[in-house]
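Chemist: Protein chains in written order, with our numbering: chain A, 499 to 625; chain B, 44 to 181.
Where a beta carbon is used, it is the ideal one built from N, C-alpha and C, also for glycine.
Here the structure is a predicted model, which is why all the values come from computation and not from measurement.
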Amino acid sequence: MITPKEFLETQLRKLANKFTQVQCSYEFHNLSDAHYVEINPFKEFDKIQLQEHMIAMLTEFYQIFPGESLVFLNEGDGVKINPEFTIRGVNYMKDWSTILLKNLQSYIPEPISADDVYSDNSYALAA
Amino acid sequence: MSNWLSKSNQSFSIANDTSSTMLNNRVHCYYYGCVQHMFHVLHIDKKMSETEISDNCNPNINKGNGGTHTWLAKFFFEDLQKQSHVFEGLALSNKVGLLKRLRTDADYSMSNMQHSDLNTAKEHSDKIISILLKRYKK
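(1) Which residue marks the beginning of the beta strand (DSSP E) containing residue 526 of chain A, and which one marks its end?
(2) Since residue 131 of chain B and residue 174 of chain B are thought to touch, with beta carbons under 8 Å apart, how far apart are those beta carbons, to the nearest angstrom?
(3) For residue 533 of chain A, which beta-bridge partners are listed by DSSP?
(4) Using a Cβ-Cβ cut-off of 7 Å (strictly less than) and excluding sequence neighbours within five positions of residue 165 of chain B, which residues of its own chain qualify?
(5) Taking 8 Å as the threshold, find out whether the stretch 100-109 of chain B comes into contact with the stretch 128-142 of chain B through three or more Cβ pairs.
(6) Under 8 Å by Cβ, that's how I've got residue 139 of chain B and residue 96 of chain B pegged, so tell me the actual separation to the nearest angstrom.
(7) Mind listing the chain B neighbours of residue 575 of chain A? Cutoff is C-beta to C-beta under 9 Å, in chain order.
(8) Can you give me, in chain order, the residues of the stretch 104-138 of chain B that have a beta carbon less than 8 Å from any beta carbon in chain A?
(9) Given a threshold of 16 other Cβ atoms within 10 Å of its Cβ, counted over all protein chains shown, does residue 163 of chain B qualify as buried or as exposed?
(10) Residues in the same chain with beta-carbon distance under 7 Å from residue 525 of chain A, minus the five sequence neighbours each way, listed in chain order, please.
(11) Going along chain B in order, which residues have a C-beta closer than 7 Å to the C-beta of residue 502 of chain A?
(12) Does residue 509 of chain A have its Cβ less than 8 Å from a Cβ in chain B?
(13) Going by beta carbon distance, what residues of the same chain come within less than 6 Å of residue 48 of chain B, once the five residues before and after it are set aside?
(14) So residue 509 of chain A packs on residue 542 of chain A, CB below 8 Å; how close in whole Å?
(15) Taking a Cβ distance cut-off of 7 Å, strictly less, list which residues of the stretch 504-533 of chain A are near chain C, in chain order.
(16) Indicate whether at least one CB of chain A lies closer than 8 Å to the CB of residue 152 of chain B.
(17) Using the beta-carbon count (16 or more within 10 Å), is residue 598 of chain A buried or exposed?
(18) Since I believe residue 587 of chain A is in contact with residue 517 of chain A (beta carbons under 8 Å), could you give me their beta-carbon distance rounded to a whole number of angstroms?
(19) How about residue 459 of chain A and residue 577 of chain A: are their beta carbons less than 8 Å apart?
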């Protein structure tokens with residue numbers, strides 16, 4: 499009997515072969531008892547073809563493992579995972595706009611808490 | 044208003060209380076505010092009784108369902124698929140899983156939630172509620 503991790507490893511290899519610009523990382527999180535798959539970069543994650551692929555994978559996952567949870571996320575979701583394995587497409591990070599965006603993100607100011615709101619004035623101060 | 048909706052509103056009142064510095068509890072309440080709203084939808088829109096919902100959430104009765112949180116994410120993913128809102132089904136399922144992870148870290152891990160975690164919990168919660176309000180009876 500195949501395990502959820504084995505199933506996902508096989509599926510993520512297929513995904514990375516089809517969507518060659520992505521990186522997929524997997525973790526089983528004990529506290530929440532769920533399987534997490536992080537797919538980056540965000541601009542690939544949000545594409546309709548990849549979303550459709552995730553829907554098909556989740557549907558099959560639920561058919562084989564009805565009592566298990568599978569969650570897809572990306573680097574913009576604010577949750578860090580500790581990957582047990584990572585699979586990269588052959589063209590991952592070969593796009594200059596992706597590399598540039600990843601580096602620029604560290605310079606963008608963000609509100610410190612959910613209770614903070616940036617006014618026009620604070621953007622000017624941050625700049 | 045169903046009692047579940049009332050409970051959900053109370054949970055979000057605590058979660059959104061900006062005077063509170065109890066971030067772990069606020070993250071907890073963002074998650075359970077969503078769970079209670081999903082129960083409300085199952086009762087009002089899907090006409091499920093409290094017993095039906097309870098039985099579906101109980102892995103000892105419905106072994107394939109995997110417990111409350113797994114079943115809820117799966118139920119809404121499949122139900123939105125049936126309504127042809129497949130992308131919203133995927134988004135809701137993912138957001139429930141991400142918020143659940145933050146909630147279990149808030150409740151069970153040694154570390155404390157930070158303001159960035161609270162931000163994230165609110166974003167995921169807002170997305171879940173916006174899909175539920177858009178696609179189901181209030």
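Modeler: In short, the structure shows the following:
(1) 521-527
(2) 5 Å
(3) A/526, A/568
(4) 73
(5) Result no; under three Cβ-Cβ pairs closer than 8 Å.
(6) The Cβ separation is near 16 Å, so there is no contact.
(7) 137, 138, 141, 163, 166, 167
(8) From the stretch 104-138 of chain B, only 106, 107, 108, 109, 110, 112, 113, 116, 117, 120, 121, 124, 129, 130, 132, 133, 136, 137 have a Cβ closer than 8 Å to chain A.
(9) buried
(10) 534, 579, 580, 581, 582
(11) One finds nothing in chain B with a Cβ atom closer than 7 Å to the Cβ of residue 502 of chain A; even the nearest lies about 12 Å away.
(12) no
(13) 83
(14) Not a contact, Cβ separation roughly 16 Å.
(15) Among the chains of the structure shown, chain C does not appear; the protein chains present are A and B.
(16) yes
(17) exposed
(18) 6 Å
(19) Residue 459 of chain A lies beyond the range of chain A shown here (499 to 625); nothing can be said about it.
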